[in-house]
């Protein structure tokens, strides 16, 4: 797996999420992909469950901001970011939705595992609402 | 596994590494622990191999600086940091060793998996020398 392609897939993930393009995100994954977000919760298996997960996620009015460069190792990538909920560029949307929790930030690290076709076969997210969520 | 204990273990990892205390780092691990640094290279299995790995690593005169908060998920922690080689607080040591590569920085993300005793059973490091290493 080419380093540049893995880095481009991570960049696409941020761009697509911030464009609320759940279908585009889903197409980054392989048909048999597994998403654990966060790790320790039941996995989403396959594109239908993954599409449903991201369709819900992008409706939250969240905006992702990467922190530091994407790390590459073998066929995996790891990257740190902050989820801005109900603020930043999508404030009006968040207000329209009348989010019950108000503005908050969540610190997350994700890992992607890639197959030879450049599709993500496994995503694991690391964050805990009691540790990594800050209400603003 | 208690969140605070996992966060404390990550902090201890940084403190012990920056004190060049390879034995202290080794004691953070369980007897049957596995270290993959970076992911995709042969694993170090068990405390003897792990001790040998960190004994070598701390001799490099490296200093670790965490970037952003430790992320917690289930029995795992993930954290981003930069390795400063041949610079920062240990400059004189690095110069003494006449490092062939000079000063450099490496961007890394590590994950720890913990057992019920609070020991790290698996460490996976994400970085690639062709992508995440910057010569200064």
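Protein chains in written order, with this note's numbering: chain A, 27 to 162; chain B, 27 to 162.
Idealized CB from N, CA, C, for every residue including glycine.
Quick one: list the residues of chain B neighbouring residue 29(A), beta-carbon separation under 8 Å, in chain order. 154, 156, 157
Below 8 Å, can you find three or more Cβ-Cβ pairs linking the stretch 60–72 of chain A to the stretch 85–92 of chain A? no
Kindly say whether residue 99(A), judged by its beta-carbon, lies nearer than 9 Å to any beta-carbon of chain B. yes
Could you tell me the alpha carbon to alpha carbon distance between residue 81(A) and residue 136(A), rounded to whole angstroms? 18 Å
How would you list, in chain order, the residues of chain B whose beta-carbon sits under 7 Å from the beta-carbon of residue 134(A)? 97
Output, in chain order, the set of chain B residues within a Cβ distance shorter than 7 Å of residue 65(A). The answer, in chain order, is 99, 100, 102.
Classify residue 158(B): buried if its beta carbon has 16 or more other beta carbons within 10 angstroms, exposed otherwise. buried
Going by CA-CA distance only, name the one from 58(A), 35(A), 62(A), 60(A) that's closest to residue 50(A). 35(A)
Can you tell which of 60(B), 147(B), 162(B) has its C-alpha closest to the C-alpha of residue 110(B)? 162(B)
Residue 50(B), enclosing alpha helix (DSSP H) - first and last residue: 48–52
At what residues does the alpha helix (DSSP H) containing residue 42(A) begin and finish? Counting along the chain, residue 42(A) sits inside the alpha helix (DSSP H) bounded by residues 29–44.
Can you list the residues of chain B that residue 106(A) reaches, using a CB-CB cut of under 9 Å? 93, 94, 97, 104, 105, 106, 135
I believe residue 106(B) touches residue 106(A) by the beta-carbon criterion, under 8 Å. Please report the beta-carbon distance rounded to the nearest angstrom. 4 Å
Can you look up residue 74(B) in the DSSP assignment and give me helix, strand or coil? helix
Backbone secondary structure at residue 83(A) - three-state DSSP: helix
Is it buried or exposed, residue 133(B), if we count other Cβ atoms within 10 angstroms and call 16 or more buried? By the neighbour-count definition (other C-beta atoms within 10 Å, threshold 16), residue 133(B) is a buried residue.
Could you pull the start and end residues of the beta strand (DSSP E) that residue 95(B) belongs to? 88–99
When you compare only the Cα positions, how much space is there between residue 45(A) and residue 150(A)? 22 Å
Could you work out which residue in 53(B), 139(B), 146(B), 62(B) is closest to residue 77(B) when comparing CA atoms only? 53(B)
Could you tell me which of 128(A), 160(A), 152(A), 141(A) sits nearest to residue 27(A), measuring between CA atoms? The closest CA to that of residue 27(A), considering only 128(A), 160(A), 152(A), 141(A), is found on 141(A).
Name, please, each residue of chain B whose Cβ falls closer than 8 Å to the Cβ of residue 151(A). 99
On the CB-based measure, 16 or more other CB atoms within 10 Å of its CB, does residue 143(B) come out buried or exposed? exposed
Which same chain residues, not among the five before or five after residue 58(B), have their C-beta less than 6 Å away from its C-beta? none
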